[in-house]
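Going by this note's numbering, the sequence shown opens with residue 300, and the numbers climb by one from there. What follows is a set of notes on a single structure, which appears directly below.
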Amino acid sequence: MFDELRSAVAAAQPLGREGAGALLAAVAKLKEPAEGPVSEDLFADLEIVLRGALAEDLKAGGAGVESLIQLTIGYAEAEAGGAAKAGLPAPPTGKLPFLLFEDLLEVSKLESSSSSSSSASAS
Numbered sequence: 300m301f302d303e304l305r306s307a308v309a310a311a312q313p314l315g316r317e318g319a320g321a322l323l324a325a326v327a328k329l330k331e332p333a334e335g336p337v338s339e340d341l342f343a344d345l346e347i348v349l350r351g352a353l354a355e356d357l358k359a360g361g362a363g364v365e366s367l368i369q370l371t372i373g374y375a376e377a378e379a380g381g382a383a384k385a386g387l388p389a390p391p392t393g394k395l396p397f398l399l400f401e402d403l404l405e406v407s408k409l410e411s412s413s414s415s416s417s418s419a420s421a422s
């Protein structure tokens, strides 16, 4: 399942928000036939894949971070809209953009802490 999700994210990410439909379709293929919104297991796998993609983007200089966040926002909105139309409770996917922002904040704190430590030791 991870490989399918990684491939779907990699293909949809350059499109940003416009790639949300492709990611939604890929995730739908991985759902159980009778399943409504995204299950907790599938959500956990998607969270791991998206956080991994963010880490890879950050290691590569951060060029793809904005499109990944836009993709995640669009996907979360699409999942929530589909659940609302079906009269189902909101899926957990609405948390995904916030989890990525949280990761970005942690990286920023670490970089800030690291650079201030380097400045202090250079003095």
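Ideal Cβ positions, reconstructed from N, Cα and C, are used throughout, including at glycine.
**Q.** Range covered by the alpha helix (DSSP H) that runs through K384
**A.** It spans V364 to K384 - the alpha helix (DSSP H) in which K384 sits, taken as one unbroken run.
(Q) Assess contact between the segment 323–333 and the segment 351–363, defined as three or more Cβ pairs (one per stretch) separated by less than 8 Å. Is contact present? (A) Remark: fewer than three beta-carbon pairs, one from each stretch, lie closer than 8 Å, so the segment 323–333 and the segment 351–363 are not flagged as touching.
Q: Find out if the Cβ-Cβ distance for the pair P336, T371 is shorter than 8 Å.
A: Their beta carbons are not under 8 Å apart, which means P336 does not touch T371 by this criterion.
Q. Whose CA, out of L403, G363, S412 and L404, lies closest to the CA of I316?
A. Correcting the residue identity first, residue 316 is Arg in this sequence and not Ile. The candidate whose alpha carbon is nearest that of R316 is G363.
Q) Just how far apart, CA to CA, sit D302 and E378? A) Going from the Cα of D302 to the Cα of E378 covers about 21 Å.
Q | Candidates E331, K394 and A359: closest to E346 by CA position | A | Considering only alpha carbons, the answer is K394.
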